[in-house]
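K.L.:
Heads up: the sequence shown begins at 1121 in this note's numbering, then just goes up one per residue. Let me give you the structure first, and then I'll get to my questions.
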Amino acid sequence: MNVQLEIAIQDPEGIAAAAAGGADRVELAAALALGGLTPAPGLTAAAVAAGVPVHVLVRPRDGGFDYSAIEQTVLLDDVRRALDAGAHGVVVGALRDGGVDTALIAAVRGLAKGAEVTFHRAFDTLADRDAALEQLVDLGVDRILTSGGASRAIDARDELARLAAVSRGRIQVMAGAGIDADNVDALLATGVAAIHASAKRSVEEVQAVRLGSRADAGASTREVTDEARVRALRAAVDAFRQTH
């Protein structure tokens, strides 16, 4: 079973850690703590240069996924720029009236041409995921990133198995949210086509002045991609491949 390992990264060190740890591809974003935002062009260029297939998250702001006209223009321009920079795919999610924004996703699909399009976990916010899946199949989307609607993918194994069965041969289902080397086997057993994980750890920093809304000085933490955790996931995925 040819299951793919995708690692979500957000900085130059993450690019190196994911590549060294054996990721099949990376999802590149900024501000993963906010669920991910569109990364800077320089970061995209550095990721593409690293040689691992890069799928760029295109999300113009945090919050929900119902975008205004100007936000849609920005999103489509960012898709264009990511692909022009050499990205192998883009990761998007857009909703309208409680369902998939089919017009916007169709526009993304048209821009992507031969590159892959992944619909992200905006899918998990939908009440009718079956209808959304069929719409995404019809739109030519390659992949859906989903936790099965739960906060952690491991808690929605039955739903992931159902989605994997319904979608097989038509669109890939990639499991994501709270995945590590300890639970990846149980998730792969659902039949999903890929695993998405951040493989992160927290590092503490001391700042004399802290910027942003939390402006109190002192110790703070940031999340970084941990090469050892990527390697552990790689080993677990490979072990599953060999026995299935």
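From the three backbone atoms N, C-alpha and C, an ideal C-beta is built for every residue, glycine too.
Tell me where the beta strand (DSSP E) around F1239 begins and ends.
P.N.:
Stepping through the sequence shown from its first residue, residue 1239 is reached at position 119. Note, F1239: beta strand (DSSP E), E1236 to F1239.
K.L.:
Is it true that the segment 1223-1238 meets the segment 1273-1283, where meeting means three or more beta-carbon pairs spaced less than 8 Å apart?
P.N.:
The answer is no - the segment 1273-1283 does not touch the segment 1223-1238, with fewer than three Cβ pairs under 8 Å.
K.L.:
Apply the 10 Å Cβ neighbour rule to Q1130 and answer buried if 16 or more other Cβ atoms are within range, or exposed otherwise.
P.N.:
Here residue 1130 refers to the residue found at position 10 of the sequence shown. Buried, since its Cβ has 16 or more Cβ neighbours within 10 Å.
K.L.:
Could you have a look at T1158 and say whether DSSP puts it in helix, strand or coil?
P.N.:
As a working mapping, residue 1158 is identified with position 38 in the sequence shown. The answer is coil: DSSP assigns T1158 none of H, G, I, E or B.
K.L.:
For the alpha helix (DSSP H) containing L1253, list its first residue and its last residue.
P.N.:
Along the sequence shown, one-based indexing puts residue 1253 at 133. From DSSP, the alpha helix (DSSP H) with L1253 extends over R1249 to L1259.
K.L.:
Can you grab the Cα-Cα spacing for the pair A1207 / A1167, in whole Å?
P.N.:
In the sequence shown, residue 1207 corresponds to position 87, counting from 1. In the sequence shown, residue 1167 corresponds to position 47, counting from 1. Rounded to the nearest angstrom, the two C-alpha atoms are 9 Å apart.
K.L.:
How long is the line joining the alpha carbons of F1360 and I1190, rounded to whole angstroms?
P.N.:
Counted from its first residue, the sequence shown places residue 1360 at position 240. Counted from its first residue, the sequence shown places residue 1190 at position 70. About 45 Å.
K.L.:
Measuring only from the beta carbon, is G1296 closer than 6 Å to any heavy atom that is part of the ligand MN?
P.N.:
The ligand MN is absent from the structure shown, which contains no ligands of any kind.
K.L.:
Would A1139 pass as a contact of V1172 if the rule is Cβ separation under 7 Å?
P.N.:
Looking up residue 1139 in the sequence shown gives position 19. Looking up residue 1172 in the sequence shown gives position 52. Cβ atoms of A1139 and V1172: closer than 7 Å.
K.L.:
Apart from the five residues on each side of it in sequence, which residues of its chain come closer than 8 Å, Cβ to Cβ, to V1194?
P.N.:
In the sequence shown, residue 1194 corresponds to position 74, counting from 1. Contacts found: P1180.
K.L.:
First and last residue of the beta strand (DSSP E) that includes G1296?
P.N.:
Taking the sequence shown and counting its residues from 1, the one referred to as residue 1296 is at position 176. Its beta strand (DSSP E) spans residues Q1292 to G1296.
K.L.:
Please name the residue or residues paired with V1174 in a DSSP beta bridge.
P.N.:
Position 54 of the sequence shown, counted from the first residue, corresponds to residue 1174. DSSP lists V1146 as partners of V1174.
K.L.:
Measuring CB to CB, does F1243 end up less than 7 Å from L1215?
P.N.:
On the sequence shown, residue 1243 is found 123 positions in, with the first residue counted as 1. On the sequence shown, residue 1215 is found 95 positions in, with the first residue counted as 1. Not a contact, by the Cβ cut-off of 7 Å.
K.L.:
To which residues of the same chain is A1297 closer than 6 Å at the C-beta, ignoring the five residues directly before and after it?
P.N.:
By 1-based counting over the sequence shown, the position of residue 1297 is 177. The residues are S1267, R1272 and A1273.
K.L.:
Grab the span of the alpha helix (DSSP H) containing L1307 for me, first residue to last.
P.N.:
By 1-based counting over the sequence shown, the position of residue 1307 is 187. Element bounds for L1307: V1304 to L1308.
K.L.:
Going by CA-CA distance only, name the one from L1265, E1343 and E1254 that's closest to Q1124.
P.N.:
The sequence position of residue 1124 within the sequence shown is 4, counting from 1. That would be L1265, whose Cα lies nearest to the Cα of Q1124.
K.L.:
Report yes if the C-beta distance between G1141 and R1354 is below 7 Å; otherwise report no.
P.N.:
Taking the sequence shown and counting its residues from 1, one reaches residue 1141 at position 21. Taking the sequence shown and counting its residues from 1, one reaches residue 1354 at position 234. In contact: G1141 and R1354 (Cβ atoms closer than 7 Å).
K.L.:
For Q1362, does the three-state DSSP call read helix, strand or coil?
P.N.:
Translated into the one-based positions of the sequence shown, residue 1362 becomes position 242. Helix, per DSSP.
K.L.:
Please report the Cβ distance between V1344 and E1133, rounded to the nearest whole angstrom; I am assuming they are in contact, meaning their Cβ atoms lie under 8 Å.
P.N.:
To locate residue 1344, count along the sequence shown from 1; it is residue 224. To locate residue 1133, count along the sequence shown from 1; it is residue 13. Confirmed, about 6 Å.
K.L.:
Could you name the residues of the same chain whose beta carbon sits closer than 6 Å to that of G1234, not counting the 5 residues immediately before and after it, in chain order?
P.N.:
Walking along the sequence shown from the start, residue 1234 turns up at place 114. The answer is none, since no qualifying residue turns up.
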